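Numbering (the numbering used here), first residue to last: -19 to 389.
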């Protein structure tokens, strides 16, 4: 009996030593943490002890974790323009979801119907915050909605700068950017002078309770893409605004230097005189670190290009993916018989995820979600019979990076 107890005790001690050896090795611990699927579980693991917290919150590890487990798409905000000349926005959840994610969605308050507004439009959606434009009391009011933190309520932003009726506006939106846990809001206006063929960007930054002009810069622009008024191919990342709005190249506005630069489109889509030969839809996408993705759809073929971010060179583009949509659509039994609207194009890009990981398309009256990594297509919303057409889609993802516990000395 005593000998059996000693043997069990020896085995337990050896097992504990082996576990301590593994879990005490930061490299091995990182490999174990990499097998965790959800960021919420990673935060729970980080709460065990200081060593685990340091391993889980290490920036190099988080980059690996994000590559292996991109932030989960919880749903998307669909903004539509109705026949009564007003905007409406609704949240469409992605289904099915794992139980862990489904619980997060159930606890959140994603709907916007509770806010008083005659016209509601989503302008930006980043890191669990939704920037909306509400029409109330005779003017538009920008505000921030936090679905995963209902207690925050609706945070109203100051009234936006007044529209100049003499200007031809191409783009007017609020962007939010988070850097070192500090959230900043920017109001971006881009207007075009047809006579001088010049585009001017005005950028305001929210300071306290007022918008203050940060920069105003102009550049010569010969031709605009015909779809620019419908395609929101403009985004802010790392203090740079990328704009896929011209026939010749991508405009990049650097907020720190107040200067424009350009990235030429892929050589495949430019002829000898430098004119863009895109036939179909294009949209830009953020890339981790630096760089930009370009998604192009033509004749039911989807192409994904990546550029390193060095301006002016066409040689830095690389084609990273090509997906045929015809067979995927056939599996969903989608055809042009689903609509009678003449204005609907065969394929329309509404949104592209970061790193071009997914794409929201509209084919006829069906809103489709394309998982680029898996080449899987899903019908997520049907607009048939609705007296409205889709103007924009803003994906809503789980917060990234995770918010870890704060160490107390």
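C-beta: ideal position from N, C-alpha, C; glycine also.
What you are looking at is a predicted structure, and each value in this text was computed from that prediction instead of being measured.
Residue 80 - containing alpha helix (DSSP H), residue span:
79 to 87 is the extent of the alpha helix (DSSP H) around residue 80.
Pop quiz: residue 178 and residue 147 are said to be a contact at Cβ under 8 angstroms. What is the actual Cβ separation, rounded to whole angstroms?
Between residue 147 and residue 178 the Cβ distance is about 12 angstroms, and since that is not below 8 angstroms, they are no contact.
As an exercise, report each continuous alpha helix (DSSP H) stretch of at least 4 residues that is fully enclosed by the segment 29 to 107, in chain order.
30 to 37, 39 to 48 and 79 to 87
Evaluate contact between the segment 98 to 106 and the segment 53 to 68, counting only Cβ atoms and requiring at least three cross-stretch pairs below 8 angstroms.
yes
Touch test, the segment 351 to 370 against the segment 87 to 95, Cβ-Cβ under 8 angstroms, three pairs minimum:
Contact fails: fewer than three Cβ-Cβ distances are below 8 angstroms.
Locate the alpha helix (DSSP H) running through residue 137, then write down its first and last residues.
Where residue 137 is concerned, there is no enclosing alpha helix (DSSP H), given that its DSSP letter is neither H nor E.
Might you give, ordered along the chain, the residues of its own chain that have their beta carbon closer than 8 angstroms to the beta carbon of residue 174, omitting 5 neighbours on each side?
The residues 148, in chain order, have a CB closer than 8 angstroms to that of residue 174 in the same chain once the five nearest residues on each side in sequence are set aside.
Would you kindly work out how many angstroms separate the C-alpha atoms of residue 77 and residue 364, rounded to a whole number?
25 angstroms
Anticipated Cβ contact below 8 angstroms, residue 378 with residue 51, distance rounded
5 angstroms
Sufficient close CB pairs (3 or more, under 8 angstroms) joining the segment 9 to 23 to the segment 327 to 341:
no
Just tell me which of 9, 334, 132 and 376 has its CA closest to the CA of residue 268.
334
Leaving out the 5 sequence neighbours to the left and right, which residues in its chain are closer than 8 angstroms to residue 118 when beta-carbon positions are compared?
none
Inter-residue CB distance, residue 280 and residue 262 (contact presumed, cutoff 8 angstroms):
Not quite, the Cβ-Cβ distance comes to about 15 angstroms (not below 8 angstroms), so this is no contact.
For residue 335, name the three-state secondary structure that DSSP assigns.
helix
According to DSSP, residue 194 sits in a beta bridge with which residue or residues?
Partner(s): none; residue 194 has no beta bridge.
Measuring CA to CA, which of 110, 151, 368 and 171 is closest to residue 65?
Of 110, 151, 368 and 171, the residue nearest in Cα terms is 368.
Between residue 224 and residue 380, what straight-line distance do the alpha-carbon atoms span, to the nearest angstrom?
26 angstroms
Give the secondary structure of residue 122 by DSSP, where H, G and I count as helix, E and B as strand, and everything else as coil.
Looking at residue 122 - three-state DSSP - the assignment turns out to be strand.
Is residue 306 buried or exposed, if buried means 16 or more other CB atoms sit within 10 Å of its CB?
exposed
If you follow the alpha helix (DSSP H) that residue 226 is part of, which residue opens it and which one closes it?
Careful: residue 226 lies outside any alpha helix (DSSP H) and carries neither H nor E.
Is it buried or exposed, residue 370, if we count other Cβ atoms within 10 angstroms and call 16 or more buried?
Residue 370 is buried by the Cβ-count criterion.
Residues of its chain near residue 387, where Cβ-Cβ distance is below 8 angstroms and the 5 sequence neighbours each way are ignored:
30 and 33
In the DSSP output, which residue or residues are listed as bridge partners for residue 393?
Not covered by the structure: residue 393. The range shown for the chain is -19 to 389.
Quick one: Cα of residue 170 to Cα of residue 215, how far?
12 angstroms
Residue 311 - DSSP class collapsed to helix/strand/coil:
Three-state DSSP puts residue 311 in a helix.
State the beta-bridge partners of residue 161 as determined by DSSP.
Note: residue 161 sits in no beta bridge, so no partner.
If we ignore side chains and look at the alpha-carbon of each, how far apart do residue 205 and residue 40 end up?
39 angstroms
What residue range is occupied by the uninterrupted beta strand (DSSP E) comprising residue 182?
178 to 187
Could you tell me which residues DSSP pairs with residue 375 in its beta bridges?
56
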